[in-house]
Amino acid sequence: MTSFTVGQARVTRIEEVLERGFRPDFLFPGFDPDLFARHPILAGANFYDAASGSLMSSIQSWLIRIGGKTILVDTCSGNGKARALPLFQRFHMLDLPYLDNLARAGVAPEDVDIVFITHLHVDHVGWNTRWDGSRWIPTFPNARYVFGLAEFEHWTTGEGPKLFPENVAVIEDSVMPIVSAGLASFVEPGDELAPGLTVVAAPGHTLNQLNLVYESTSGGFVCSADVFHQPIQIYAPQINSRFCEDQDAARATRARLLRYLADTGSLLMPIHFGPPHAGFVRREAEGYRFEPAIPLASAAA
Ligand SMILES: [Zn+2]
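Heads up: the sequence shown at position 185 corresponds to 310 in the numbering used here, and the numbers run straight through without jumps.
This is how it looks when you write it as structure tokens:
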């Protein structure tokens, strides 16, 4: 189990899956394979499976324990969800021990106070709900599920379904039951979830994606969601995934976050990086490099 202490917070990675994902030239149209030669860390086994030519892809939540609160950031893909579409095969009718992994971190579903959702894509909202035999019910019954109103409207009355029709069923089985149960709570950039833990705008991947930034006198972190899918984008920040809705905004958000991370030394906590799943952004002559973080020893985690 991967954990870090940052300021007053203890953060722990809750794994849904770590597996071979997309090929780099599919995920990143126009991908330049020379990047692997120029930056050998990117071609290492933690981030790339050379045998299959696929990027290593994690799907995970970040559990944040701070000031007596238990906060879960993004909820992966979920079990038992029908995703029988070519692009979504990877998420179809999963049966993965996500809740067991949460239990190993000492947390039962009832213990979660806040579920923070960065954006409403298939691999970020799945465990919002679970199947109880007759319907989809909230997995975390005592939680306030927090997400952006603009993101919600994007998928209900806005352009989302047109841009990404595959994701419509996801809204129906993993978001609407939360709203119906009265557990949804909308936030805006600038809102604070706990002292020093602030919602910020991170538009581009989706038009209204949110990040979570923690700042304290003894360190900070950024839950960056899909501003970065892979460490490749730290070395080549102009590269967007094929799933980014507003390509220019995605680049601008990435550039801003890279500057912030290099200036502050805050821990980058993305959702899809291979081991150790988090790290630091350092400046170097021609741009930035990724420095993987060293997790707490598992006995102490
Ligand atoms: Zn994602």
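By construction, the Cβ of each residue, glycine as well, lies at the ideal position given by its N, Cα and C atoms.
- Given a length threshold of 3 residues, each whole run of the beta strand (DSSP E) inside the region 180 to 208 is given here in chain order: 194 to 198.
- Non-local beta-carbon contacts of R269 in its own chain, meaning distances under 6 Å to residues more than five positions away in sequence, involve I239, S310 in chain order.
- Distances between the C-beta of H249 and the heavy atoms of ligand 1 include at least one below 7 Å.
- Annotation: R384 to N336 spans about 15 Å, alpha carbon to alpha carbon.
- DSSP places F156 in the coil class of the three-state scheme, outside both helix and strand.
- For ligand 1, a non-hydrogen atom lies closer than 7 Å to the CB of I396.
- In the displayed model, A268 falls within coil according to three-state DSSP, outside both helix and strand.
- Looking at the backbone, the Cα of V295 and that of H246 are separated by about 7 Å.
- Residue pairing for V347: DSSP places it in a beta bridge opposite V338, L393.
- Where G146 is concerned, there is no enclosing beta strand (DSSP E), because DSSP gives it neither an H nor an E.
- Relative to the Cα of V142, the nearest Cα in the group L160, Q133, P149, F216 belongs to F216.
- Proximity to N267 across P328, T323, T243, D236 peaks at D236, based on C-alpha coordinates.
- Here DSSP, grouped into helix, strand and coil, assigns P420 to coil.
- Boundaries of the beta strand (DSSP E) around T130: 128 to 131.
- Within the DSSP bridge table, the entry for I139 names S186 as partners.
- Taking all protein chains in view, the Cβ of T130 is surrounded by fewer than 16 other Cβ atoms within 10 Å, so the residue is classified as exposed.
- Apart from the 5 residues on each side of it in sequence, L160 sits with its Cβ closer than 7 Å to the Cβ of L167, I357, Y360, A361 in its chain, given in chain order.
- If you look at L227, you'll find it isn't in any beta strand (DSSP E); it sits in the alpha helix (DSSP H) that goes 223 to 229.
- Listed as beta-bridge partners of E409 by DSSP are G412.
- R138 is classed as buried because its beta carbon has at least 16 other beta carbons within 10 Å across all chains shown.
- For T331, the secondary structure class from DSSP, reduced to helix, strand or coil, is coil.
- Beyond the five residues adjoining it in sequence on each side, L221 comes within less than 7 Å, by CB distance, of E141, V142, N204 in the same chain, given in chain order.
- For the set P234, V347, T323, E297, the Cα lying nearest the Cα of D388 is the one of V347.
- H246 has its CB nearer than 7 Å to a heavy atom of ligand 1.
- A Cβ-Cβ contact shorter than 8 Å links P420 with P401.
- Every beta strand (DSSP E) stretch that sits fully inside the region 261 to 322 and reaches 3 residues is listed by chain position as 261 to 263, 269 to 273, 309 to 312, 317 to 319.
- Straight through space, the alpha carbons of P165 and T264 are spaced by roughly 41 Å.
- In the displayed model, R163 falls within a helix according to three-state DSSP.
- Annotation for D316 indicates a beta carbon at 7 Å or more from all heavy atoms of ligand 1.
- S343 sits away from G178, with the two beta carbons spaced by 8 Å or more.
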